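The numbering of the sequence shown is the numbering used here, which starts it at 22 and goes up by one. Accompanying notes for the structure given below.
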Amino acid sequence: MPFTRRTAVRTLATAGVFGVAGCLGSSNTRSWDLEENAAIANAQQYNAPGCGCCKQYASYLRDNIDGELAETVPEDIVRVKEKYGVPEDLRSCHTLVLEDYVVEGHVPVQVIGRLLTETPSIDGVALPGMPAGTPGMGGTKQGPWTVYAIGGEQARETYVEL
């Protein structure tokens, strides 16, 4: 079968549908609900343009934190990630900035609470990609999730595995 513009468009459209489908399915945020909301004073979430997962994650945060969450869709999300030192291989669709830390991706609030309680000498944490079953994502968890440290002496080391 020859590769034509029509084939390319069909392939890209199919990939887009499957990519969005992961964001739409039933979210497993219930397994990540907290008994008490995490105390986070003010947080700023930078969303990728047109990403439904980012909105779902923001909704999850609002349900599980005490404090304000602002959302912004920047013109250049990559520039935001570069500004906050998120390595390319640890990136996801949205970046959360709170207090002295950056949180990249669909990180459960329990991990954010731990980060704020322990106050390690790192710049933040990242759960790369968009793993199924994480807060804000549809689907079912498929194996462990590794949340990595960003910056400091522990950069790219495992912060926690869930």
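Using N, Cα and C, we set each Cβ at its ideal position, and we do this for glycine too. In this text, all values refer to a predicted model and were calculated from it rather than measured experimentally.
Which residues in the same chain have their Cβ closer than 7 Å to the Cβ of residue i, if we skip the five residues on either side of it in sequence?
| i | result |
| --- | --- |
| E92 | Q66, N68, A79 |
| T138 | none |
| V128 | V146, L148, V168 |
| V132 | V146, V168, V181 |
| S47 | With a pLDDT of 38 at S47, under the threshold of 50, the predicted position of this residue should be treated as unreliable, though the coordinate-derived value follows. Taken in chain order, the residues that qualify are G159. |
Buried or exposed for residue i, going by 16 or more other Cβ atoms inside 10 Å?
| i | result |
| --- | --- |
| Q184 | Not covered by the structure: residue 184. The range shown for the chain is 22 to 183. |
| S113 | buried |
| G71 | exposed |
| N85 | buried |
| V130 | buried |
| V99 | exposed |
| G173 | exposed |
Could you tell me whether the Cβ atoms of residue i and residue j are closer together than 9 Å?
| i | j | result |
| --- | --- | --- |
| V107 | E125 | yes |
| A62 | L117 | no |
| Y81 | G157 | yes |
| R177 | L111 | yes |
Leaving out the 5 sequence neighbours to the left and right, which residues in its chain are closer than 6 Å to residue i when beta-carbon positions are compared?
| i | result |
| --- | --- |
| P152 | W166 |
Can you tell me where the beta strand (DSSP E) holding residue i begins and where it ends?
| i | result |
| --- | --- |
| G145 | 145 to 148 |
| L119 | 116 to 119 |
| A91 | 86 to 93 |
| E125 | 122 to 126 |
| E182 | 179 to 182 |
| V168 | 167 to 171 |
Taking Cβ positions only, does residue i come closer than 9 Å to chain B?
| i | result |
| --- | --- |
| E89 | In summary, chain B is missing from the structure at hand, where a single protein chain is found. |
Excluding sequence positions up to five away, which residues of its chain have a Cβ less than 8 Å from the Cβ of residue i?
| i | result |
| --- | --- |
| T179 | T167, V168, Y169, A170 |
| G150 | S113, G126 |
Identify the continuous alpha helix (DSSP H) that holds residue i and give its terminal residues.
| i | result |
| --- | --- |
| E139 | 130 to 139 |
| V107 | Element bounds for V107: n/a, residue is neither H nor E. |
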